[in-house]
Amino acid sequence: MLLDYPDILSVEQVCEILQTSKRTVYNLIRNHKLTAKKIACHYRIHKTSLITYLCDTDS
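Count along the sequence shown from 1, then add 18; that gives the number in this note's numbering.
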């Protein structure tokens with residue numbers, strides 16, 4: 019599933035993967051559950067951060 023995505027993800031791509039809203043993804047970033055970098059006015063999430071989040075929520 020994640021192999022089809024680039025190593026650096028946009029908020030929209032994370033929404034698509036998690037099947038959730040932008041608000042939820044921004045809340046995950048704000049609550050430090052997803053690590054993101056702000057480039058200009060857009061957040062970018064490294065795929066490993068998303069994988070870590072998914073592994074942590076499974077346990």
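Yeah, the Cβ is synthetic: ideal placement off N, Cα and C, and Gly gets one too.
In this structure, how does DSSP classify residue i when only helix, strand and coil are distinguished?
i	result
Lys40	helix
Lys56	strand
Tyr71	helix
Between which two residues does the beta strand (DSSP E) holding residue i run?
i	result
Leu27	Ile26 to Ser28
Under 8 Å by Cβ, that's how I've got residue i and residue j pegged, so tell me the actual separation to the nearest angstrom.
i	j	result
Ser67	Thr53	4 Å
Gln31	Tyr44	With a Cβ gap of about 14 Å, Gln31 and Tyr44 do not count as contacting.
In terms of alpha-carbon separation, which member of the options lies closest to residue i?
i	options	result
Asp64	Leu21, Met19, Ser28 and Asp22	Looking at the sequence shown, residue 64 is not Asp but His. That would be Ser28, whose Cα lies nearest to the Cα of His64.
Regarding residue i and the ligand ADP, is the C-beta to nearest heavy atom distance less than 7 Å?
i	result
Thr70	Within the structure as shown, the ligand ADP is missing, as the structure has no ligands at all.
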